[in-house]
Structure formats: C-alpha cells, structure tokens
Amino acid sequence: MSLLQVSGLGISFGGVKAVEDVSFAVAPGEIVSVIGPNGAGKTTLFNMISGIYLPGRGSVSLDGTDVTGVPPHRLAEMGLSRTFQNLQIFQEMTVLDNVLAGYHLSERGSVWADLLSLPGMRRRAARARAGAHQLLKRVRLDDKADQIAGNLSYGALKRLEIARALALEPRILLLDEPAAGCNAVETEEIDHLIAELSASGIAILLVEHDMKLVMRISNHIVVLDHGEKIAEGEPSTVSRDPAVIAAYLGTQEEEQADADG
Amino acid sequence: MDALLQFLFSGLTVGAVYALVALGFTIIYNASDVVNFAQGEFVMLGGMITVFAFDAGVPLPLAAVVAILVTAAIGVALNKLAIEPARGAPVVSLIIITIGASILIRGATQLVFDKQLHRFPAFSGDDPIRVLGATILPQSLWVIGGALAVFVGLWVFFTRTLTGKAVLATANNRIAAQLVGINTGWIMTLSFGLSAAIGAFAGVLVTPITLVSYDVGVALALKGFAAAMLGGMGNPKGALVGGLLLGCLEAMTAGYVSSQYKEAVAFIVILAVLFVMPRGLFGAKTTERV
Amino acid sequence: MMAGRGKWISLAVLALLIGLLPLVFPSGYYFRVGALIFVNALSVIGLVILIGYAGQISLGHAGFAGIGAYACALAPEHLGLHPLLSLVLGAGISAAMAALIGKPILRLKGYYLAVATLGFGILVSMILTNERALTGGPDGMNVADPGLRSLLRDMGWRLSGGEFWYGISGLVLLVGAWLALNLFDSPSGRAMRALHGSEVAAATVGVDVARQKLRAFVISAVYASVAGSLLALQNGYITPDVAGFLHSVEMVTMAVLGGVGSVLGATLGAAILTLLPQVLTVFAEYEQLVLGLVMVLVMIFLPQGLLPSIARRLKGRDA
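Residue numbers (my numbering), protein chains in the order written: chain A, 7 to 267; chain B, 7 to 296; chain C, 72 to 390.
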C-alpha cells in the first residue's frame, strides 16, 4: 500500500504548462527520486505535493486520503515534511530555535500558557529541547546550537534544514536537492542519513542532481522532462532508457557550456 | 441630475490631483520598488513655496516654476540622502524612512513658513462657468487640463525618448538594464526628481481651490496610494483612471452620504481593492517562487 | 537556558530602573514624565511582538490606543462601569476589533499591510473626531478619576498624582515586559519568529501562519489599548490625537529606535522619544522635524536599533 499517491498532477503558469500529468507512488520506507534536467518541473512538483502551490489538475493523496490543495501546515500535521532547494532557514533565530520550530506541532499549546510561562508549556518545551539537541547531534551541529543560523556555512544549513524537517517525525520526507553545494564528505553523510531514515520506515521523495547518489540509494526513479514524466522504474532500467539519455545528453552539453562561460 | 454633474466636476478636479500623486508613486515604484510615503509632501511643497514666493512679490508663473524646481531638488535629495543609503533594506525600514522623510519635510515647512492656511489667486479668475445647470471653476479646468497634459507629456517621454525608454527598461528589469549600459542610479535620481516635480505641479494647480497648509501631505499621499492601487500599482494608465475614479467616489460620498466621512472612502477603496482584485484594474500578474 | 537567563536580566534591569529612578528625580514633575514613558513603552512592547517577533508592520496601532483611551472616558459615564473595568472592556473591544480586521488584513504584506493598518487607524481617529456628541470632537473629553488614590489615602498612604501613576504604569510595564519575554521563548513566540524568517518554511513545519499572525496582532492591540487606557486615566483628559497617525508613527519609531526585537530596547526607544519633546519644550516647533530626522537616521545608520547595535559594539570589543 503506497503512502503517497500522485495522480495526473499538473499546473500551468500564465498559460505555460510547468508540470503535466505526472503520476507515481511512494511506499513507506521507500526512496523515490525525481530527476530531470534543470527546469523540468521537479521543484514545482514538490511545491504542489507539499501544498505550497494549488495543483491545476490531478490529485495527491496521503495514506489514502485526498490531500489535493490542503495547506502545508495541515499536511505537516498529517506527517509530510520537506526541505527546500533554495534554503528556507529562519536566519535570525538560533540553530536550536530553528529545530525547535520543527517541534511546533508537539510543543504548541494554549497561547495563555505561552504568555504566562505555565509549567505545562515549560514541560512541552523541555521535551522539544531534548529532542532538538538529539537531532542536532545527529547532523553534527550540536556544538553550534546557540549560534545565529544565518552565520552558518551552506553545507551546515542544508543539514540544519534536514534536522528541522525530521523534528516533525514525518512519515514522508521530501528532500529538494539535499546534497547540492555539499562536498564529497558531506554528500556521503547525507547519503547515510537518507538510508537510515528509510530503514526506519520513513518514505523519502528526493530531488537530486548528484546522479551517483541517486543511482546508489533510490528504490525507484521518476524522470521528468519539460514537466512531463518520460520514464520511471528501477535505477538500472532508467539509466539505460534511451529517452532519459537523450534528455540528459541534451542538457549536459548546455550545462557544460554554462560552466565554461 | 444637476447635483450629480456638480459632484462629478468636483470629483474630477480632486481626482486629477490624486491621479498626479498616484503617478508620482508609480514612477518611483517602477524605478526602485519603493513606495514613497513622502509623495504627498511634494504637493504640499509645490503649493507652499508658490504661496510664499508670490507673497514676496515674485510673479505667479515664476513663483510656480521656482516651487517646482525646488521641490524636484528636494525629491532628488530625498533619494540621495535617505533612499540610496538604505538600498536593499527590508520593506519595513523603507516604509519608516519615507514616512520619516515626510514628517521631516512637514516639520521643516512649518518652521520655514508657518502653520496657516494659504492660497494664491486662481489663474483665470474665480467666476464659475455654467455647464448644463452645474458650475465649474476655471481653476478646475486648469487642474484637469494640467493633469492630462502631464500624462500625455509623460507618455511621449516614455515611448519616444531614449531616456524614457531607459526608465521603462529599468522598471522592467534592473539588472538587465544595467547590463545594457543603463545607469540605473541616474534613473532613480531622475524618477525622484520627476515625481517630485509632478507632485509640486499638482500643488500649484490645486492650491487656489483647496488651499494649502504644511499638513495636507499625509492625506494626499494616502489617497494617491489608494488611487495607484485601484488602478494597479506601477501602471501610469491605472494611476490616471484610479485617481479620477477615487475623486468621483469621494465627491459622490460627500454629496449623497456624509461630507464628514468622505475621507473614509479612500481607505474603503484600498481595502476593497486589496481583497477583491489585489492587482487593481490594470495591474500586472506576478507569481511567487520558492 | 541562555534565553531564560536573558529574560530575568531584562526584567531585573527594568525593575531596578523603575524603582531607583525616583531617587534622582529633582521634582515631582518627573514622575509624570516617567509614567508617560512607561505607558509608551508598554504599547511599544506590543509592537515588538508584532514587528519584531512576527515581522508584520502596523501603522495604525494608535487606533487601538484610542479605543482603550475612549473606553475609559466613555464607559464610566454611559455604562456606569468602574474605570478599571472600562480598561478591561477597552482591551476586549480592541482584541475583538483586531481579530476582526486582522483576519483579512494580515494576508497582505509590506506596503499593502502598512497602508491597510494606517487606514484602520485613521478611521478610528476620524470617528473619534467626528462624533462630537459622544466624544467631544477634536477638543476631547474628561476622564473620570478611578478613585484608587483616595483609597490608598484612606489606608494612610499619601501619594501625589504623579507618584501614584508612576507606580501603576511601572508595574503594568513590568507585567507587560514579563509576558512579552515569556512569549519570545515559547512555542507561539518561536512560531511567530519562524514565520518572520520564512512563511513557507514555517507552514511546512506545521505553523498555521495566518493564525499566528493574528495572535501577534491581537496581543499587540491589547498592549496598545491598555496603554491608551492608562494614558487617559493618568491625564484625566483625552483627545483624538491619541488615535492619530502621528501617534502610530511615533510608536513604530520608538520600537525601531530602541531595537524592534528587544523588550528593553523598546523601553529605551520609548524613553528617548518621550523625553525629546520635554527637553525641546523651548523648541516645540522642532518636534516633528526631529522625529522625522530620527526615523530616517536610525533606519540608515542603526537599522537594528540602538540597543542591539550597542550590544554588538560591546561584543566586538570583547573579541
């Protein structure tokens, strides 16, 4: 039984179809990667699944419930969590507070308790704090807990975002290019972290440009090009698919040119 | 029917002023993404400086020119001294800066001049002209005609001259404009000078009808903003239509509902536009990316 | 633990200032000024919650101060309520009003939110000015004495009006500061600060962004309302200026001057801008000029506000 089911999802911006008729499913503990050239619509797809964009067509269901158009904070309550390609860190808050914000759903209570600093609130906050320190240790940021997040390096912020997303104890985690801008060692760590998470039963939906990483850890790959799904299957099948190779060769030359220029 | 026409005339007159203030907002907003809350002070300055130059014996046309030039210089100074140093600051900071500038200008005007209400003679006398049972002041025709002339002049400037096209290009995409060699800093200076001059011109036109004092700016800024929003922020055509429409709505409210609460019309329009059609009548569509 | 300690330090500093300042007051007049500073600081702390925590601007909070002030002026006369209950009633009305208008308005951002809140404030002051029969119009109206001072006198505690209101306002300010500091390091406060940083990210961790914005708006409205009530009670007189545009702008300026994220900074900002006209009494006409100048200069040279900038300077020296 799949946890996340995406059916015929599509959206247009100003008459241009950004994503069209994309369907796939993710089961608990499974790692599904969405790959494709730049501008293929991967992040747009993520934004629709996580409730940031309202899909124009199609549906998303979570554990059998239709959640199309459900706002992000409600999806968070239902166990869907994500990270962002262009980091969305709470820059002015401390590293610890960033992760604590991830515990919002478990630590929140009445606003009176917050204003009066009642024992119940303090208890909930202390529990969240303990959990947050654990998570920071897990992503090796425990020594930076009291620093302002905006002062961290890019790689550290990537890990901080993952820690924050994990604070929700999600059933499904959407990771948008978690290894982008990371060095080989950091990429290796993220690789391990993802594997661990999926082993613990969390479903992972991944967008990533590092093909070695994708091929190594994915159970299933969905390939997008120009907003449409052009292939899907196990890593070995997808990597041999002529349509995929064509889409990638076409863009790799362009990217090469970009890099040179 | 006569009453309706009468309200329409007075609505178009104040509406033309709102349109000019809205145009000032639009020009600066397009060049810099800044909403300049000091825009109303330019109108006030135009009126006040003319009054005092005229009282000092300067002929009215010359006094008006002096007022427009001085106000334009103040607009440029505002950009150089307060907006440019805060480039890239969050919106909240920019709001506070331009409101601060507006209060500063107000305070300075009150010191340099005074706190009294002033006027100078209308350009073509005060004998009302009868039109279909209603009357209109010759000065109203000056206001409406002057506003239309500014809009036409600006349209020619933007579409026919190289500098005008550079302003439009900057509004469209600042970085691309810089890449093709447009000096966007100069465009900003020009925009502040231009919109200050337009505001002052509106002040010169309308002072014989509405009178002027140091504190008329805030209300004008708000109504100009309401007009700009009604028309669609950043669109000169919208500024014109929005301004005239707001002026007429206000005049009708004053005539048929309550003159005390006509001031509320602008805010009701702002709120209505925000919730019903946030992009205004002629606004551009934008999408947010994450 | 850091934040927890910071809270008690801030409160201790504030309490010491309130308690010890009277020792250096050269005359009874300064109790009046002190009380005014505390009242202003209270409404500015409300703005710290709204602007500093939640990142939402309001240029109309004087409207809530007006509601609070006129509740204390009108309710005793027309409803026969005790002035202190009128304060509570005013706070309730302000909260309800904030909830009502906040719901649609807070969907707006930046300039639009600024103008919408500005419009609200001006509407309130317009009503207070126009409804002469009820409010006395632009000339304002008298506010009944709550009778607390005579109660204290009967108990053998003789205080001047200035001393009495200094004490009351100081106490309310301390409570207001305590609540705001509690909120900062609480789940709601974190959610507000999170949505300030990134609304999208806040939503994806489960924060109901609209609800938290509304919370901040309502809480800050209550602060402004209570401050307005205290102002009316201690002056015994009120005019629509309390709800005016300039008062809204002054409140925001006090907040950004001191440092919009910090409760102590808010108090500092309120103190400076309240004292300024007192110092400049000879140059009363310069008040607007100076206020405008302060706003522009602070935003350009000290965008973080005085207190955080000073703190940063000091830290830099240590290192």
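Glycine included, every Cβ here is placed at the ideal spot set by N, Cα and C.
Short Cβ contact (8 angstroms threshold) for residue i with residue j
i, j, result
"residue 210 of chain A", "residue 163 of chain A", "no"
"residue 201 of chain B", "residue 80 of chain B", "no"
"residue 197 of chain C", "residue 270 of chain B", "yes"
"residue 374 of chain C", "residue 99 of chain B", "yes"
"residue 85 of chain A", "residue 13 of chain A", "no"
"residue 136 of chain C", "residue 269 of chain C", "no"
"residue 431 of chain C", "residue 83 of chain A", "Residue 431 of chain C is absent from the model: chain C starts at 72 and stops at 390."
"residue 122 of chain A", "residue 253 of chain C", "yes"
"residue 328 of chain C", "residue 364 of chain C", "no"
"residue 138 of chain C", "residue 123 of chain C", "no"
"residue 304 of chain C", "residue 214 of chain C", "yes"
"residue 123 of chain B", "residue 219 of chain B", "yes"
"residue 57 of chain B", "residue 126 of chain B", "yes"
"residue 96 of chain A", "residue 282 of chain C", "no"
"residue 275 of chain C", "residue 245 of chain A", "no"
Assigned secondary structure, residue i (DSSP; H/G/I helix, E/B strand, else coil)
i, result
"residue 167 of chain B", "coil"
"residue 153 of chain A", "coil"
"residue 180 of chain A", "strand"
"residue 259 of chain B", "helix"
"residue 128 of chain C", "coil"
"residue 68 of chain A", "strand"
"residue 226 of chain C", "coil"
"residue 349 of chain C", "helix"
"residue 201 of chain C", "helix"
"residue 21 of chain A", "coil"
"residue 266 of chain A", "In this prediction, residue 266 of chain A scores a pLDDT of 47, lower than 50, which makes its location untrustworthy; the coordinate-derived value is nonetheless stated afterwards. Residue state, collapsed to three classes: helix."
"residue 98 of chain A", "coil"
"residue 237 of chain C", "helix"
"residue 88 of chain A", "strand"
"residue 148 of chain B", "helix"
"residue 306 of chain C", "helix"
"residue 99 of chain B", "helix"
"residue 181 of chain B", "helix"
"residue 292 of chain B", "Residue placement at residue 292 of chain B is flagged as unreliable, the pLDDT there being 48, under the threshold of 50; the coordinate-derived value follows with that caveat. Note: residue 292 of chain B maps to coil in three-state DSSP."
"residue 125 of chain B", "coil"
"residue 276 of chain B", "helix"
"residue 170 of chain A", "helix"
First and last residue of the uninterrupted beta strand (DSSP E) at residue i
i, result
"residue 212 of chain A", "209-213"
"residue 359 of chain C", "Element bounds for residue 359 of chain C: not the beta strand (DSSP E) but the alpha helix (DSSP H), 358-372."
"residue 230 of chain A", "226-231"
"residue 3 of chain B", "For chain B, the structure presents residues 7 to 296; residue 3 of chain B sits outside this window and is missing."
"residue 38 of chain A", "37-41"
"residue 236 of chain A", "234-239"
"residue 122 of chain C", "Counting along the chain, residue 122 of chain C falls outside any beta strand (DSSP E), and DSSP gives it neither H nor E."
With 16 other Cβ atoms within 10 Å as the buried cut-off, status of residue i
i, result
"residue 79 of chain A", "buried"
"residue 109 of chain A", "buried"
"residue 169 of chain B", "exposed"
"residue 98 of chain C", "exposed"
"residue 224 of chain C", "exposed"
Own chain partners of residue i with C-beta closer than 6 angstroms, once the 5 adjacent residues on each side are dropped
i, result
"residue 358 of chain C", "348"
"residue 310 of chain C", "211"
"residue 22 of chain B", "149, 150, 153"
"residue 190 of chain B", "176, 180, 183, 184"
Own chain, CB closer than 7 angstroms to residue i, minus 5 neighbours either side, in chain order
i, result
"residue 185 of chain C", "128, 130"
"residue 174 of chain C", "285"
"residue 322 of chain C", "114, 115, 118, 132, 133"
"residue 24 of chain A", "17, 18, 47, 50, 233"
"residue 382 of chain C", "none"
Nonlocal neighbours in the same chain, by C-beta distance under 8 angstroms from residue i, ignoring five residues either side
i, result
"residue 55 of chain B", "69, 72, 73, 76, 77, 206"
"residue 161 of chain B", "242"
"residue 138 of chain B", "8, 11"
"residue 299 of chain B", "Only positions 7 to 296 of chain B appear in this structure, which leaves residue 299 of chain B out of reach."
For residue i, the first and last residue of its enclosing alpha helix (DSSP H)
i, result
"residue 104 of chain C", "100-118"
"residue 126 of chain A", "125-144"
"residue 201 of chain B", "190-216"
"residue 115 of chain A", "Premise fails: residue 115 of chain A is in no alpha helix (DSSP H) and is neither H nor E."
"residue 56 of chain B", "45-61"
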